[in-house]
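*Asks:* With this note's numbering, letter number 118 in the sequence shown gets 462, and the count goes up by one each step, no holes.
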Amino acid sequence: MHTARPDSAARPRILFVTDLAYEAKGRRYCDEDVYLTARLREDFDVALCHPLDAAPLMETGAFDTVVVRNSGPVLHYEAQWNDFKERAARCGARVYNQLTGKADMAGKQYLLDLTAAGYPVIPTVDDPRDVGRLPETATYVVKPKAGADSIGLEFLSREELAGLRPESGILIQPCVDFTYEVSFYFVDHTFQYALHAPDPARRWHLERYEPTAADLAFARAFVDWNTVDHGIQRVDACRTRAGELLLVELEDLNPYLSLDLLDEEARDTFVSALKGALKRSLTSAV
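(1) Determine the DSSP secondary structure at T613, reduced to helix, strand or coil.
(2) With burial defined as no fewer than 16 other Cβ atoms inside 10 Å of the residue's Cβ, what is the status of A581: buried or exposed?
(3) Whose C-beta lies closer than 6 Å to the C-beta of M345 among residues of the same chain, with five residues either side of it excluded?
(4) Relative to the C-alpha of E499, which candidate in G507, P510 and V486 has its C-alpha closest?
(5) E551 bridges to which residues according to DSSP?
(6) In the DSSP assignment, find the alpha helix (DSSP H) that holds D389 and state where it starts and stops.
(7) Once DSSP output is grouped into helix, strand and coil, what is the label at G620?
(8) Rounded to the nearest angstrom, what separates A557 and A563 at their Cα positions?
(9) Which one or two residues does DSSP pair with E518 in a beta bridge?
(10) Are the segment 409-429 and the segment 359-366 touching, with three or more C-beta to C-beta distances below 8 Å?
(11) Can the beta-carbon of L560 be found less than 8 Å from the beta-carbon of F535?
(12) Within 10 angstroms of its Cβ, does D607 collect 16 or more other Cβ (buried), or is it exposed?
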């Protein structure tokens, strides 16, 4: 079992999981985590490691919590990620984000579940024979259930869908005509800030966004639906031509935060919220 260090007066120790070499389109993972670890060191002792090294280091019992941040798509190391989760449960390690999420942390099945439950999400099916349940459109988006970061994304006509096999693990969605994408960022269940991409063709050219009460109610409904009490979540949505918001993705594992786009006051507020959340998580049951 995971055991606390005997020196209770010592600062909590964080094992911070990140892939500083991962290259993401339009984002600087490494810069964000260099900044974030520097700020966390104000209150914690922090050691960085690659996701492939996390499990054995976690099991040493030398760390009070493991923080998973910009570790790259799990698709690239799925077996090791599953092993990490099993070993975390076995040794009783605290992990932030809490490993109980049922959104992207567990794959894309949640898009089907939310569609079936009537949530405002881009309608999704996983069998070409069910495409009639989707709004008719000239182009459909097809992506793997285990995908991330647009890996394996295809745009197909309705005729081309007929050649797909549902057992291959795919999702099918209508290609939505939207005016912009917007992301809402939460620490635990507390809203922090929102950013939007005014140009649909430039997903990561983001600007600050002031959400309305209706926008926040939309985003909060998905955070409340999820089973993550301790963690950072990003609710990605698109605004349709009709003016409604539809969920694109609920990122509950390692959402990129775009902290470089915030002003100093907003960054300080976010960091303070994260520090407080980590300290609270250390006193909660695993």
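For glycine and all other residues, C-beta sits at the position ideal for the given N, C-alpha and C.
*Replies:* Let's see:
(1) Note: T613 maps to helix in three-state DSSP.
(2) It counts as buried.
(3) Low per-residue confidence applies at M345: pLDDT is 41, beneath 50, and the placement is therefore not dependable, though the value from the model is reported in the following sentence. Cβ neighbours of M345 beyond the five flanking positions: G436.
(4) Rather than Glu, the amino acid found at residue 499 in this sequence is Phe. Cα-wise, what sits closest to F499 is V486.
(5) E551 has H540 as its beta-bridge partners, per DSSP.
(6) Looking at the DSSP string, D389 is not in any alpha helix (DSSP H); the run it does join, the beta strand (DSSP E), is D389 to C393.
(7) If DSSP states are grouped into helix, strand and coil, G620 belongs with the helices.
(8) Roughly 10 Å between the two C-alpha positions.
(9) Reading off the sequence shown, one finds Pro at residue 518, where the question assumed Glu. Its beta-bridge partners are Y484.
(10) At 8 Å Cβ cutoff, the stretches touch.
(11) Taking 8 Å as the Cβ cut-off, L560 and F535 qualify as a contacting pair.
(12) Per the 10 Å Cβ criterion, exposed.
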